[in-house]
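Enquirer:
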Amino acid sequence: MSVPVRDNRYPHRHLLGIDGLSADEIGYLLDVSDSYVDLNRKVDKKQTGLRGQTLINLFFENSTRTRTSFELAGKRLGSDVINMSVAASAIKKGETLLDTAMTLNAMHPDVLVVRHPESGAVKLLSEKVECAVINAGDGSHEHPTQALLDALTIRRRRGRLDGLVVAICGDILHSRVARSNIHLLNVMGARVRLVAPPTLLPTAAVRLGAEVFNDMRAGLADCDIVMMLRLQTERMQGRFVPSTREYYRFYGLDSEKLALARPDALIMHPGPMNRGVEIDSQLADDITRSVILDQVELGVAVRMACLEVLSGNRRRRSIESAVA
Ligand code: ASP
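Per our numbering, the sequence shown runs over residues 1 to 324.
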């Protein structure tokens with residue numbers, strides 16, 4: 001089966017971030033993602049719409065779920081997928097990011113999926129290559145496909161995003177997941193709360209378009225969605241919390257704090273989780289409240305949608321330039 005022909009409501013060459021996208025563009029990517037969910041539950045998942053295309057996963061930072069998710073998405077659409085891990089790459093030999101980009105560009109990939117520890121690195125790379133680029137996380141800047149899969153998870157469970165109260169809790173300062181989600185949820189009409197100790201909030205947190213809470217109990221009161229974040233110690237220089245035990249006491253999600261949210265509030269976490277640090281282990285596994293595995297499942301559908309849409313745009317551009 002080939003990729004369906006749809007109206008083109010996401011006209012961009014790349015997906016570098018959520019910031020700057022319109023509600024219609026986001027809604028379109030979510031609609032296309034939705035159309036892949038059932039396919040992913042079938043035994044025979046193989047499509048051929050991206051046959052002949054090459055996707056390179058270029059990861060300068062560790063990843064399990066995001067890299068696997070993009071790999072599955074590419075393969076299910078019929079694309080060839082190459083994984084380049086940082087340990088095996090020329091970066092270790094001193095090659096610069098842009099040298100790597102130019103080298104890969106010369107091999108004519110169709111899509112580069114890039115994760116990099118520096119904010120802005122993926123955009124820089126996208127300016128030097130001819131293929132489509134998807135940001136799979138750049139520093140503490142953006143992780144757009146994570147925000148899309150979070151939105152799809154919420155939309156499928158609640159039927160909407162607008163008007164919902166979403167509490168994003170934990171290490172917001174270092175979180176690209178939080179940044180992408182704040183942009184997306186604001187554009188889609190949700191009400192965002194940021195819940196964190198002052199040391200884990202950006203200085204201009206209120207300017208992000210969210211209500212800020214340092215007290216988790218107040219921040220969770222009557223919210224519809226509790227989105228927990230990992231303490232990202234790999235991005236911390238120095239100590240940001242006195243101890244993980246103390247952090248759990250004040251900011252870890254346990255059933256007592258969750259009781260302040262709406263009775264049907266959903267628990268989310270982008271993974272990987274630090275059980276017993278930001279979330280109680282039993283709550284994380286409680287399928288009546290936690291949608292953490294739905295997030296992982298829907299991530300594949302979202303990445304298939306992004307690949308379909310960007311590849312379609314690329315094809316359209318090459319036809320237009322051939323005709324011109
Ligand atoms: N997996 C997410 C990311 O890459 C969240 C995390 O690592 O805590 O940003």
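Just so you know, even glycine gets a beta-carbon here, dropped at the ideal spot from N, CA and C.
If you're wondering where the values come from, they're calculated on a predicted model, not measured in any experiment.
(1) Under a three-way DSSP split, which group does Ser-85 fall into?
(2) Based on the DSSP output, what are the partners of Ile-344 in its beta bridges?
(3) Counting by C-beta, which residues lie closer than 7 Å to a heavy atom of the ligand ASP, in chain order?
(4) What is the C-beta distance between Val-226 and Ala-261, in whole angstroms, given that I count them as a contact (C-beta under 8 Å)?
(5) How many Å lie between Ala-101 and Gly-17 at the Cα?
(6) Suppose contacts are defined by Cβ-Cβ distances below 9 Å. Is Asp-138 in contact with Leu-55 by that definition?
(7) In this structure, how does DSSP classify Arg-275 when only helix, strand and coil are distinguished?
(8) So, are the CB atoms of Leu-201 and Leu-194 less than 9 Å apart?
(9) Hey, quick one: how far does the alpha helix (DSSP H) through His-183 stretch, first residue to last?
(10) Rounded to the nearest angstrom, what separates Asn-62 and Asn-181 at their Cα positions?
(11) Secondary structure at Val-235, three-state DSSP: helix, strand or coil?
(12) Below 8 Å, is the gap between the Cβ of Ser-69 and the nearest heavy atom of the ligand ATP?
(13) If you draw a straight line from the alpha carbon of Arg-249 to that of Phe-240, how long is it in whole angstroms?
(14) From the DSSP output, which residues share a beta bridge with Met-268?
(15) Confirm, please, whether the CB-CB distance from Ser-33 to Asp-291 is below 9 Å.
(16) Determine the extent of the beta strand (DSSP E) in which Ile-134 is found, giving its start and end residues.
(17) Flag this pair as touching only if the segment 118-133 and the segment 156-167 have three or more C-beta atom pairs under 8 Å; answer yes or no.
(18) Under a Cβ-count criterion, where at least 16 other Cβ atoms within 10 Å of its own Cβ denotes burial, should Ser-140 be classed as buried or exposed?
(19) Per the DSSP calculation, His-116 is bridged to which residue(s)?
(20) Could you check whether the segment 213-227 touches the segment 260-276, counting it as contact only if at least three pairs of C-beta atoms, one from each stretch, sit closer than 8 Å?
(21) Rounded to whole angstroms, what is the Cα-Cα separation between Leu-173 and Arg-207?
(22) Spatial neighbours of Thr-66 within its chain, please: C-beta separation below 6 Å, excluding the five flanking residues on both sides.
(23) CB-CB under 6 Å to Phe-70, same chain, minus the five flanking residues each way: which ones, in chain order?
(24) Cα separation between Leu-104 and Leu-148?
(25) Answer yes or no: do Asn-8 and Gly-312 have a C-beta to C-beta separation smaller than 9 Å?
(26) What does DSSP give as the partner residues of Val-212 in its beta bridges?
Expert: Inspection of the coordinates gives the following:
(1) strand
(2) Residue coverage of the chain in this structure runs from 1 to 324, which leaves residue 344 outside it and unanswerable.
(3) Ser-63, Arg-65, Thr-66, Gly-137, His-143, Gln-146, Ser-175, Arg-176, Val-177, Leu-229, Arg-230, Gln-232, Pro-270, Gly-271, Pro-272
(4) 6 Å
(5) 19 Å
(6) no
(7) strand
(8) yes
(9) 176-187
(10) 21 Å
(11) In the sequence under discussion, the amino acid at residue 235 is Arg, which differs from the Val named in the question. Arg-235: helix per DSSP, three-state reduction.
(12) Absent from the structure shown: the ligand ATP. Ligands present: the ligand ASP.
(13) 15 Å
(14) Met-227
(15) Before going on, a small fix: residue 291 reads as Val here, not Asp. Contact: no.
(16) 132-138
(17) no
(18) buried
(19) Asp-138
(20) yes
(21) 13 Å
(22) Ala-136
(23) Asn-57, Val-113, Arg-303
(24) 27 Å
(25) yes
(26) Leu-194
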